[in-house]
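Novice:
Residue numbers (my numbering), protein chains in the order written: chain A, 51 to 353; chain B, 1378 to 1642.
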């Protein structure tokens, strides 16, 4: 609405106001987010290690070669895919069912929601700690419960057995992430206008038809946006794995982001971490483009 | 109803188990068969974490860092989101996209350079580094979130005030902000919780006992001792209390804030 003001050669009052309001946000974000990211990308092409700061030089694609030739990379990529998509699908499916059930009013709904949403206010690190304790191989409560129910005959080393470790961290991630979808989808459903249901009733629609023809189409933009965002967040979320297994045993739970964290916070090798970061960005970008294409950008929420 | 019940058990049990463990005397924690109801309650684990660590200092640090950066980010984000909600100008679209993009890039890629910046600013091992970074990292998301709230308030409201002689900033502060209270509280709480929970920047920047936040301290519980599960669960319970209280009080606000701001943005 104030386009004309901004284009005047002299700084108008409105333009000055806009600058006054925006600069405190823009300058820090550019200086302390975009600049470090940009530098991190450059470091991907440098020999840049915290323990050898006298020998910083450009080495082309050597960091990428090191990462791509890492014997653990196939496992890490496979883990990343499992981590992201199994978590996403189950978080979404359970969250969707819960929000359909929560769509009906029942006594105690508010309290119920509070109790199933709370995990979402916790840190991934604490969640990791809690599940690490529950999945403990000797005195973990999960082993105890499964034994009591007769589902297993001897204790499972959930976090020490490479066969089980990935399963265990994903369970913890689902516990954490269902709340997000339940919150978002419930809110979206609550904004469905009553008239749509009345119209569906007049057409004699049953529950399933209402879900397919009223609820899902109406909340589709929310579904598309939340699942798109969620993939990126899960991809970049090393906290739970870090606290539960730190990538072990024998790299069986490393995903790209824990691998990168390992190189940077604990290895001090900014070059290698940068290369992993660039690979992550490329993968996320490809995913986003594919997703926008597959879902037709126009249907997604306006971000 | 059965599904709801099963899920409720699944959600509540882990926290119950943590509280239970934190209240068991040391010997009972490792006793077979496992106790599902407390037979003896003891607060020795809670006493222990204060005895073996400076847990009160960590709590103070976490409160200071989280509150301060939540305040800073709130002020900055109110200004930027107001402008982005009310004006369309050259570059406004790009700014929004630029803010959105920060949510997509793995922030770890910038950690190395940030470490150098903090060491040049002489902020390593000081809470200032965290206050600064937590504020900056939340500006984009909080701006997008608040923008959603501003867009739901008709601009005629402050325009009327401006006709009555109020400046634009005056109109924002005196007319709009009071109406925006729910959105502002939701954003503040969101920022506080994020800061309270942050771990990896804090591990990078802080190594001095006196400056540690709770997550950093708990992280060193892991590496220093072969986890003392009694102390660890007591620390876990203590460290979730503030966010739980906030969450319980303002759950509806947060839910509304997130759906309005982030998704429909």
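Cβ atoms here follow ideal geometry from the backbone N, Cα and C, with glycine treated the same way.
It should be emphasised that the depicted structure is a prediction, and the values quoted were computed from it without experimental measurement.
Within 8 Å of any Cβ in chain A, is that where the Cβ of residue 1457 (chain B) sits?
Specialist: Closer than 8 Å to some Cβ of chain A, the Cβ of residue 1457 (chain B) qualifies, so yes.
Novice: Where DSSP assigns a beta bridge to residue 107 (chain A), which residues make up the other side?
Specialist: BP columns for residue 107 (chain A) point to A:97.
Novice: Over the uninterrupted alpha helix (DSSP H) stretch that includes residue 1543 (chain B), give me the two end residues.
Specialist: Premise fails: residue 1543 (chain B) is in no alpha helix (DSSP H) and is neither H nor E.
Novice: Beta-carbon of residue 116 (chain A) versus every beta-carbon of chain B: anything under 8 Å?
Specialist: Judged by the 8 Å Cβ criterion, residue 116 (chain A) is not in contact with chain B.
Novice: Below 8 Å, how does it come out for the region 1508-1523 of chain B and the region 111-130 of chain A: are there three or more Cβ pairs, yes or no?
Specialist: Result no; under three Cβ-Cβ pairs closer than 8 Å.
Novice: If you follow the alpha helix (DSSP H) that residue 75 (chain A) is in, where does it begin and where does it stop?
Specialist: Element bounds for residue 75 (chain A): 63-79.
Novice: How would you label residue 1391 (chain B), buried or exposed, when you count the other beta carbons within 10 angstroms and need 16 or more for buried?
Specialist: Per the 10 Å Cβ criterion, buried.
Novice: Taking any Cβ of chain A, which residues in the region 1500-1518 of chain B have a Cβ under 8 Å from it, in chain order?
Specialist: Within the region 1500-1518 of chain B, the residues whose Cβ lies closer than 8 Å to some Cβ of chain A are 1509, 1510, 1512, 1513, 1514, 1516, 1517, listed in chain order.
Novice: With DSSP run on the structure shown, which of helix, strand or coil describes residue 194 (chain A)?
Specialist: It is helical.
Novice: For a contact meaning CB atoms closer than 7 Å, what does residue 289 (chain A) contact in chain B?
Specialist: Those within 7 Å of residue 289 (chain A) in chain B are 1576.
Novice: Can you name, in chain order, every residue of its own chain whose Cβ lies under 6 Å from the Cβ of residue 178 (chain A), other than the five neighbours on each side?
Specialist: Correct list, in chain order: 290, 293, 294.
Novice: Have a look at the DSSP bridge pairing and note the partners of residue 319 (chain A).
Specialist: Paired residues: A:99.
Novice: Under 8 Å, CB to CB, which of the residues in the region 1546-1573 of chain B have a partner in chain A?
Specialist: Answer set for the region 1546-1573 of chain B: 1546, 1570, 1573.
Novice: What are the start and end residues of each continuous beta strand (DSSP E) run of 3 or more residues lying completely inside the region 120-176 of chain A, in chain order?
Specialist: Counting only runs of 3 or more, we get nothing.
Novice: Does any residue of chain A bring its CB to less than 8 Å from the CB of residue 1483 (chain B)?
Specialist: It does: the Cβ of residue 1483 (chain B) has a partner Cβ on chain A nearer than 8 Å.
Novice: Looking at the structure shown, is residue 304 (chain A) part of a helix, part of a strand, or coil, going by DSSP?
Specialist: Three-state DSSP puts residue 304 (chain A) in coil, outside helix and strand.
Novice: With distances taken from CA atoms, which of A:158, A:163, A:137 is nearest residue 149 (chain A)?
Specialist: Closest by alpha carbon: A:163.
Novice: Please confirm whether residue 332 (chain A) has its beta-carbon closer than 8 Å to some beta-carbon of chain B.
Specialist: It does not; no Cβ of chain B falls within 8 Å.
Novice: Listing by chain order, which chain B residues have their CB less than 9 Å from the CB of residue 74 (chain A)?
Specialist: Correct list: 1452, 1453, 1456, 1457, 1516.
Novice: Given that a residue counts as buried once 16 or more other Cβ atoms are within 10 Å of its Cβ, and exposed if not, what is residue 1609 (chain B)?
Specialist: Residue 1609 (chain B) is buried by the Cβ-count criterion.
Novice: In this structure, does DSSP put residue 58 (chain A) in helix, strand or coil?
Specialist: Confidence at residue 58 (chain A) is low in this model, with a pLDDT of 48, below 50, so its placement is unreliable and no value can be given for it.
Novice: List the endpoints of the continuous alpha helix (DSSP H) containing residue 312 (chain A).
Specialist: Unbroken run through residue 312 (chain A): none, as it is neither H nor E.
Novice: Compare the C-beta of residue 1439 (chain B) against all C-beta atoms of chain A and say whether one is closer than 8 Å.
Specialist: With 8 Å as the cut-off, residue 1439 (chain B) does not count as an interface residue toward chain A.
Novice: Pair every Cβ in the region 1480-1500 of chain B with every Cβ in the region 1548-1566 of chain B, then say whether three or more of these pairs are closer than 8 Å.
Specialist: At 8 Å Cβ cutoff, the stretches do not touch.
Novice: For a contact meaning CB atoms closer than 8 Å, what does residue 89 (chain A) contact in chain B?
Specialist: Per Cβ cutoff of 8 Å: 1487, 1489, 1490.
Novice: Judging by CA-CA distance, which residue of A:62, A:132, A:191, A:167 is the nearest neighbour of residue 1412 (chain B)?
Specialist: That would be A:191, whose Cα lies nearest to the Cα of residue 1412 (chain B).
Novice: Specify the secondary structure class of residue 331 (chain A) as computed by DSSP and reduced to three states.
Specialist: Three-state result, residue 331 (chain A): helix.
Novice: Have a look at residue 1553 (chain B) and residue 1415 (chain B) and give me their C-alpha separation to the nearest angstrom.
Specialist: Each residue's alpha carbon lies about 52 Å from the other.
Novice: Could you work out which residues of chain B lie near residue 173 (chain A), taking near to mean beta carbons separated by less than 7 Å?
Specialist: Ordered by position in chain B, the residues that pass the 7 Å Cβ test against residue 173 (chain A) are 1574, 1576, 1592.
Novice: Give the C-beta separation of residue 1621 (chain B) and residue 171 (chain A) to the nearest angstrom, bearing in mind that I take them to be a contact with Cβ-Cβ under 8 Å.
Specialist: Yes, residue 1621 (chain B) and residue 171 (chain A) are in contact; Cβ-Cβ is about 7 Å, under 8 Å.
Novice: Applying the criterion that 16 or more other CB atoms from any shown protein chain within 10 Å of the CB defines a buried residue, is residue 280 (chain A) buried or exposed?
Specialist: Residue 280 (chain A) comes out buried.
Novice: When Cβ atoms are compared, which residues of the region 309-335 of chain A fall closer than 7 Å to chain B?
Specialist: Cβ contacts with chain B: 310, 311, 314, 315, 320, 323, 324, 327, 330, 331, 334.
Novice: Is residue 188 (chain A) helix, strand or coil when you go by DSSP?
Specialist: Residue 188 (chain A): coil per DSSP, three-state reduction.
Novice: For residue 108 (chain A), count the other beta carbons within 10 Å of its own beta carbon; 16 or more makes it buried, fewer makes it exposed. Which is it?
Specialist: It counts as exposed.
Novice: Would you tell me roughly how many angstroms separate the C-alpha atoms of residue 311 (chain A) and residue 120 (chain A), rounded to the nearest one?
Specialist: Those two C-alpha atoms are separated by around 16 Å.
Novice: Are the Cβ atoms of residue 321 (chain A) and residue 96 (chain A) separated by less than 8 Å?
Specialist: In contact: residue 321 (chain A) and residue 96 (chain A) (Cβ atoms closer than 8 Å).
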